[in-house]
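Undergrad: This is the structure I want to talk about, given as structure tokens.
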Amino acid sequence: MSRTAATPMAFARCVVLAYERYGADPRAALHQAQITPADLRRPDGRITAAQMEALCGFAMQELDDEALGWFSRRLPWGSYGMLCRASITAPTLGVAMKRWCRHHRLLTDDLMLHLDTGGPVAQLTLTENRRFGALREFCLVTSLRYLHGFACWAIDSRIALRDASFPFAAPPHREVYPVLFPGTVRFDAAQAGFSFDAQDLAMPLRRDERALQAMLQRALPLTVLPYRRDRLLARRVRELLRQDAARHGTADALAQALNLSVRSLHRQLKDEGVSLQALKDEVRRDQASELLLRTDRPVKQVAQAVGFGNEKSFARAFKQWTGRSPREFRSPDANPG
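Under the working numbering, read the sequence shown as residues 16 to 352, first letter to last.
Take a look at the structure:
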């Protein structure tokens with residue numbers, strides 16, 4: 016878990032407000048999270064994701080309220096686990112998210128979730144049916160994170176968001192929002208919500224009941240950190256290309272193997288600062304270098320082995336990659352070791 020102190024102290028103060036609502040003492044929870052009273056008073060203070068996880072996990076159990084005071088009644092410990100169980104058996108992400116929205120109404124009608132799947136862009140929106148006061152921001156942010164975090168976990172892939180919207184002015188800690196909701200973030204919107212490519216709704220769920228039981232032991236990281244699996248997406252693409260470049264040589268084939276839409280594949284690689292073409296070139300360069308140094312194959316055969324139609328185009332690309340021609344790269348003078 017990240018040790019960078021990026022979570023705004025304002026969210027921790029909301030947990031303290033939940034204790035005040037129930038007339039309870041927050042000192043044990045703050046101690047568990049290693050947050051001092053002086054830390055709590057700092058208007059621009061920050062805590063780590065690990066501290067936020069510890070604080071919320073302790074408070075939810077001590078107060079027996081997983082909503083941390085947002086709603087007109089408690090959501091007892093295990094309520095969001097029920098939502099996960101109701102959704103995990105769905106055949107696709109779209110069905111799972113609709114189940115989540117529908118079953119959330121069994122918990123409370125103070126906040127209604129709706130998934131609009133019409134058109135190329137899917138839109139998740141929140142409708143507020145009560146005034147949340149000082150807890151409003153924390154409630155809306157966390158409610159969106161709950162569903163997005165579960166959805167990413169369920170398909171074992173980060174769902175790239177097109178945008179996230181919030182019906183309040185940009186807070187002083189606005190810089191944390193692109194971390195929690197990568198993509199365009201809008202404030203002063205009509206409703207809270209986020210949008211993503213509707214193609215992702217067809218993705219099959221990759222988790223089962225056993226995986227769910229394990230996840231629920233430490234589910235809170237899904238709400239305090241972006242889903243981490245696809246921070247390694249570039250590495251996974253490299254592995255697939257190295258295993259069988261002919262089979263996985265197109266964006267369509269890679270997207271299918273990775274349980275992504277083609278658009279999400281390109282967008283998530285862009286988020287990691289790399290393009291699919293750059294990864295293909297990197298893998299071909301490494302494979303070609305290995306063959307040139309460790310085999311006696313003619314350059315023409317090396318070119319064919321790494322996917323080039325002719326020696327000339329391979330030589331041109333290899334020189335762009337390494338600054339040397341294949342023969343210069345292979346020569347003892349160029350490689351004295």
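Virtual Cβ for every residue (Gly too), placed ideally from N, Cα, C.
Rounded to whole angstroms, what is the Cα-Cα separation between Pro313 and Lys295?
TA: Cα to Cα, the separation comes out at about 22 Å.
Undergrad: Could you give the residue range of the beta strand (DSSP E) that holds Met127?
TA: It spans 126-131 - the beta strand (DSSP E) in which Met127 sits, taken as one unbroken run.
Undergrad: Hey, Ala64 and Thr22: beta-carbon distance below 8 Å or not?
TA: In this structure, Thr22 lies closer than 8 Å to Ala64 by Cβ.
Undergrad: What separation, rounded to the nearest whole angstrom, lies between the Cα atoms of Asp245 and Ala179?
TA: Since pLDDT at Asp245 reaches only 43, below the 50 mark, its modelled position is unreliable, and no value is offered.
Undergrad: To the nearest angstrom, how far is the alpha carbon of Leu248 from that of Arg300?
TA: Computed Cα separation, rounded: 20 Å.
Undergrad: Can you say whether Tyr242 is buried or exposed, counting buried as having 16 or more other CB atoms within 10 angstroms of its CB?
TA: The predicted position of Tyr242 is uncertain, since its pLDDT is 46 and thus under 50; no value can be drawn from it.
Undergrad: Please tell me whether Leu83 and Ala33 are closer than 8 Å, where the distance is taken between their beta carbons.
TA: Contact flag set, yes.
Undergrad: Counting pairs of beta carbons, one from the stretch 247-263 and one from the stretch 204-223, are three or more of them closer than 8 Å?
TA: Short answer: they don't touch.
Undergrad: Can you tell me the Cβ-Cβ gap for Ile103 and Leu227, rounded? I've got them flagged as a contact below 8 Å.
TA: Ile103 to Leu227, Cβ: 5 Å. Contact.
Undergrad: What is the residue span of the beta strand (DSSP E) that Ser210 lies within?
TA: Residues 207-212.
Undergrad: Drop a sphere of 10 angstroms on the beta-carbon of Phe333, count the other beta-carbons inside from all chains shown, and report buried for 16 or more, exposed for fewer.
TA: That one is buried.
Undergrad: Below 8 Å on the Cβ atoms is my contact criterion, and I expect Leu280 with Gly208 to pass it. Report the Cβ-Cβ distance as a whole number of Å.
TA: At roughly 24 Å, the Cβ-Cβ gap does not stay under 8 Å, so Leu280 and Gly208 are not in contact.
Undergrad: Classify Ala185 as buried or exposed, calling it buried when 16 or more other Cβ atoms lie within 10 Å of its own Cβ.
TA: The residue in question, Ala185, is exposed, as its Cβ has fewer than 16 Cβ neighbours within 10 Å.
Undergrad: State yes or no: is the C-beta of Ala20 within less than 8 Å of the C-beta of Ile50?
TA: No.
Undergrad: I'd like the list of long-range same chain contacts for Arg61, defined as Cβ closer than 7 Å, with 5 residues on each side in sequence excluded.
TA: Contacts found: Ala20, Ala21, Thr22, Pro23, Met24.
Undergrad: Secondary structure at Gln49, three-state DSSP: helix, strand or coil?
TA: Gln49 falls in the coil class under three-state DSSP.
Undergrad: Rounded to whole angstroms, what's the CA-CA distance from Phe329 to Gly164? Just pull it up for me.
TA: C-alpha separation (whole angstroms): 44 Å.
Undergrad: If you compare alpha carbons, which of Pro193, Leu139, Arg257 is closest to Thr206?
TA: According to the sequence shown, residue 206 is Gln rather than Thr. Cα-wise, what sits closest to Gln206 is Leu139.
Undergrad: Does the stretch 122-131 touch the stretch 143-162, meaning 3 or more C-beta pairs lie closer than 8 Å?
TA: Judged by Cβ distances under 8 Å, the stretch 143-162 makes contact with the stretch 122-131, as three or more pairs qualify.
Undergrad: Can you have a look at Arg282 and say buried or exposed, based on whether 16 or more other CB atoms are within 10 angstroms of its CB?
TA: Buried, by the Cβ-count rule.
Undergrad: Please report how far the alpha carbon of Pro58 lies from the alpha carbon of Leu306, in whole angstroms.
TA: If you take the alpha carbons of Pro58 and Leu306, they lie about 59 Å apart.
Undergrad: Would you decide whether Arg173 is buried or exposed? Buried here means 16 or more other CB atoms lie within 10 Å of its CB.
TA: The residue in question, Arg173, is buried, as its Cβ has 16 or more Cβ neighbours within 10 Å.
Undergrad: For Arg201, which residues does DSSP report across the bridge?
TA: Answer is Ser180.
Undergrad: To the nearest whole angstrom, what separates the beta carbons of Ala169 and Ala111, a pair I think is in contact under 8 Å?
TA: At roughly 6 Å, the Cβ-Cβ gap stays under 8 Å, so Ala169 and Ala111 are in contact.
Undergrad: Does the distance from the C-beta atom of Ala44 to that of Val30 stay below 8 Å?
TA: Taking 8 Å as the Cβ cut-off, Ala44 and Val30 qualify as a contacting pair.
Undergrad: From this set, Gly72, Asp212, Gly338, which residue's C-alpha is nearest Ala48's C-alpha?
TA: That would be Gly72, whose Cα lies nearest to the Cα of Ala48.
Undergrad: So within the stretch 142-176, which uninterrupted alpha helix (DSSP H) runs reach at least 4 residues, ignoring any that extend past its ends?
TA: Within the stretch 142-176, the complete alpha helix (DSSP H) runs of at least 4 residues are 151-170.
Undergrad: On the CB-based measure, 16 or more other CB atoms within 10 Å of its CB, does Leu293 come out buried or exposed?
TA: The amino acid occupying residue 293 in the given sequence is Ala; Leu does not appear at that position. Flag for Ala293 reads exposed.
Undergrad: Under the three-state reduction of DSSP, which class applies to Thr104: helix, strand or coil?
TA: If DSSP states are grouped into helix, strand and coil, Thr104 belongs with coil.
Undergrad: Which partner residues of Gln138 appear in the DSSP bridge assignment?
TA: Its beta-bridge partners are Asp131, Ser210.
Undergrad: From Arg342 to Lys285, what distance separates their C-alpha atoms?
TA: One C-alpha to the other measures close to 34 Å.
Undergrad: Give me the Cα-Cα distance between Phe147 and Thr199, rounded to the nearest whole angstrom.
TA: When rounded, the distance between both Cα atoms is 25 Å.
Undergrad: Do Ser210 and Val136 come within 8 Å of each other at the CB atom, strictly closer than that value?
TA: Contact flag set, yes.
Undergrad: Beta-carbon separation of Arg250 and Asp171 under 8 Å?
TA: It is not a contact, given that the beta carbons lie outside the stated cut-off.
Undergrad: Can you say whether Phe344 is buried or exposed, counting buried as having 16 or more other CB atoms within 10 angstroms of its CB?
TA: Flag for Phe344 reads buried.
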